[in-house]
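Visitor: Below is one structure. I have some questions about it.
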Amino acid sequence: MALIEAKKMDDERKMRRQEGKPTELRWKWVEDYCWRNGCLRSQNQCNDKWDNLMRDFKKVREYERRVAEAGGEEITTSYWKIEKNERKEKNLPTNMLPEIYEALVEVVDRKSQRMLLPSMPPTLQQQSTQPQITPLTLPPLPPPTTVAQTDYYTTNVPFPTIDPDTSCERSDSPAKKRRMSGGGEGTSGTSKDGNINNSSQEVGTAISRSAAIIADTIQSCEEREERRHRELLSLHQRRLQIEESKAEINREGINRLVDSINNLANSILVLAGNKNQSPDPK
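The end of the sequence shown is residue 282 by the UniProt record's numbering, with every number in the run present.
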C-alpha cells in the first residue's frame, strides 16, 4: 500500500510540476517516500514490485470483466469468492487483496483521465471545463423605408453648382490629393531604387574585400609552404654534408692506421735483419 500511495502521489506531482524544472530519476522519489514510511525498498525493487502488481491487477480486472459480461452463464463466481487453489488453476494471482485492487483501480483511472485530457482539442476542453453561455436574442430590425420618399427627396433637392476655377484652387480636393499621393509614390519609388543600388554596391564592395582577403591568405600560405620546403631542403643538404665529412674522416683514420701498421712492420723487419747480421761474440 505504501508503494501504491507513493506511485499515486508521484504521478500527481509530475502532472503539477512545471516543464522548466530538471527531470529526476524515475523511481527516486518513490524510493524516498517508501523509506520515509517504513518500506525499505530500492528503486529497482520498487519498479519490479510495481510491475508485478500491475500484471496481477490486469489479470484480475480482465477476469472480473468477463464475469460481468457473462452474466452468470459461463463464469459463475467472482475472483473475490473463489479459493486460492481455484485461482491458481485459472492462472490468477492468489494473494490479491481487495483494498490493493481498489487502490490500483484509482491510480489507473486517474492516469487514464490525465492522459485523455491533453489529447482532447482545446475547444472541447473549454466546453468541458466552462459552463455553456446562452446566446442573447437580438430584437428584429425595423422595416426598410419606402423608395418613394427617397425619390422625392432626390428629385426636389437641387444639386449645388461647382465652379471649376475655385475647385482647382481648393487644397483638399480629391484630384489634388491623388496627384500629391502620386508624387509621393514617385519619390518613394526613387528612394527605394536608391536604397537598392546602395545595398547592391555595399554587397559588391564586401564581396571584393572578402575576395582580396582570401587571395592574400592563400598567397601567404603558399609562401610559407615554399619557405618551409626550402628549409627542409637545406637541412637535408647539411645532413648529407655532415655524413660525407664523417665518412671522409673515417677513411683518413683507417688509412693512417694502415700506414702506421706498415711502418711498424717495416721497422720490425729492419730490426730483425740487423740482429741477424751482427757478428757473434768470441
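We treat Cβ as the ideally placed atom computed from N, Cα and C, and that holds for glycine.
#1: Output yes or no for whether 8 Å exceeds the beta carbon distance between Trp50 and Leu3.
#2: When the Cα atoms are used, what is the spatial distance from Lys88 to Asp109?
#3: For the alpha helix (DSSP H) that contains Arg61, what are its first and last residues?
#4: Buried or exposed: Cys221, going by 16 or more other Cβ atoms within 10 Å of its Cβ?
#5: Under the assumption that Lys1 contacts Ile100 (Cβ atoms under 8 Å), give the Cβ distance between them as a whole number of angstroms.
#6: Might you give, ordered along the chain, the residues of its own chain that have their beta carbon closer than 7 Å to the beta carbon of Val60, omitting 5 neighbours on each side?
#7: Does the Cβ of Glu223 have 16 or more other Cβ atoms within 10 Å, making it buried, or fewer, making it exposed?
#8: Give the straight-line distance between the Cα atoms of Arg13 and Asn198, rounded to the nearest whole angstrom.
#9: Quick check on residue 290: does DSSP put it in helix, strand or coil?
#10: What residue range is occupied by the uninterrupted alpha helix (DSSP H) comprising Leu97?
#11: Excluding the 5 residues preceding and the 5 following Ser171 in the sequence, name in chain order all residues of the same chain whose CB lies nearer than 7 Å to its CB.
#12: Below 8 Å on the Cβ atoms is my contact criterion, and I expect Lys7 with Val107 to pass it. Report the Cβ-Cβ distance as a whole number of Å.
#13: Alpha carbon to alpha carbon, how far is Met9 from Ser42? Give it in angstroms, no decimals.
#14: What's the gap between the Cα of Glu244 and the Cα of Arg238?
#15: In this structure, does DSSP put Met15 in helix, strand or coil?
#16: Using DSSP with H/G/I as helix, E/B as strand and the rest coil, what is Lys90?
#17: Confirm the yes/no value for this check: CB of Gln277, any heavy atom of the ligand FAD, distance under 7 Å.
#18: Rounded to whole angstroms, what is the Cα-Cα separation between Ser267 and Asn276?
#19: If you draw a straight line from the alpha carbon of Val270 to that of Lys246, how long is it in whole angstroms?
#20: If you count every other CB in all the chains shown that lies within 10 Å of the CB of Ala103, and 16 or more means buried, which is it?
#21: Suppose contacts are defined by Cβ-Cβ distances below 8 Å. Is Glu31 in contact with Cys46 by that definition?
#22: Under 8 Å Cβ to Cβ from Asp11, same chain only, skipping five residues before and after it: list those, please.
Guide: By the coordinates alone:
#1: Taking the sequence shown and counting its residues from 1, one reaches residue 50 at position 50. Taking the sequence shown and counting its residues from 1, one reaches residue 3 at position 3. Yes, the Cβ-Cβ distance between Trp50 and Leu3 is below 8 Å.
#2: Translated into the one-based positions of the sequence shown, residue 88 becomes position 88. Translated into the one-based positions of the sequence shown, residue 109 becomes position 109. A direct Cα-to-Cα measurement between Lys88 and Asp109 gives close to 27 Å.
#3: For the purposes of this step, residue 61 is taken as the residue at position 61 of the sequence shown. Where Arg61 is concerned, the enclosing alpha helix (DSSP H) stretches over 43 to 70.
#4: As a working mapping, residue 221 is identified with position 221 in the sequence shown. Around the CB of Cys221, fewer than 16 other CB atoms lie within 10 Å, so the residue is classed as exposed.
#5: Translated into the one-based positions of the sequence shown, residue 1 becomes position 1. Translated into the one-based positions of the sequence shown, residue 100 becomes position 100. According to the sequence shown, residue 1 is Met rather than Lys. Contact annotation, Met1 with Ile100: C-beta distance approximately 7 Å; criterion of less than 8 Å satisfied.
#6: By one-based count along the sequence shown, residue 60 stands at place 60. Excluding sequence neighbours, Val60 sits near Tyr79, Leu92, Pro93, Met96, Tyr101.
#7: Here residue 223 is taken as the residue at index 223 of the sequence shown, counted from 1. So Glu223 ends up on the exposed side.
#8: Residue numbering aside, residue 13 sits at position 13 when the sequence shown is read from its first letter. Residue numbering aside, residue 198 sits at position 198 when the sequence shown is read from its first letter. In this structure, the alpha-carbon of Arg13 lies about 60 Å from that of Asn198.
#9: Coverage of the chain is limited to positions 1 through 282, which leaves residue 290 absent and any answer about it impossible.
#10: By one-based count along the sequence shown, residue 97 stands at place 97. Leu97: not part of any alpha helix (DSSP H); DSSP gives it neither H nor E.
#11: As a working note, residue 171 is residue 171 in the sequence shown. Annotation note: pLDDT 47 at Ser171 (below 50); position unreliable, coordinate value reported separately. In its own chain, leaving out the 5 sequence neighbours on each side, no residue places its CB closer than 7 Å to the CB of Ser171.
#12: Here residue 7 refers to the residue found at position 7 of the sequence shown. Here residue 107 refers to the residue found at position 107 of the sequence shown. At roughly 6 Å, the Cβ-Cβ gap stays under 8 Å, so Lys7 and Val107 are in contact.
#13: Taking the sequence shown and counting its residues from 1, the one referred to as residue 42 is at position 42. Taking the sequence shown and counting its residues from 1, the one referred to as residue 9 is at position 9. Near 17 Å, if we compare the C-alpha coordinates of Met9 and Ser42.
#14: Translated into the one-based positions of the sequence shown, residue 244 becomes position 244. Translated into the one-based positions of the sequence shown, residue 238 becomes position 238. So the two alpha carbons sit approximately 10 Å from each other.
#15: Position 15 of the sequence shown, counted from the first residue, corresponds to residue 15. Residue state, collapsed to three classes: helix.
#16: Position 90 of the sequence shown, counted from the first residue, corresponds to residue 90. Coil, per DSSP.
#17: Looking for the ligand FAD in the displayed structure turns up nothing, as the structure carries no ligands at all.
#18: For this step, residue 267 is matched to residue 267 along the sequence shown. For this step, residue 276 is matched to residue 276 along the sequence shown. When rounded, the distance between both Cα atoms is 14 Å.
#19: By one-based count along the sequence shown, residue 270 stands at place 270. By one-based count along the sequence shown, residue 246 stands at place 246. Between Val270 and Lys246, the C-alpha separation is close to 36 Å.
#20: To locate residue 103, count along the sequence shown from 1; it is residue 103. Under this definition Ala103 is a buried residue.
#21: Residue 31 sits at position 31 when you count from the first residue of the sequence shown. Residue 46 sits at position 46 when you count from the first residue of the sequence shown. Yes, Cβ-Cβ distance for Glu31 and Cys46 is below 8 Å.
#22: Residue numbering aside, residue 11 sits at position 11 when the sequence shown is read from its first letter. The answer, listed in chain order, is Val107, Arg110, Lys111, Arg114.
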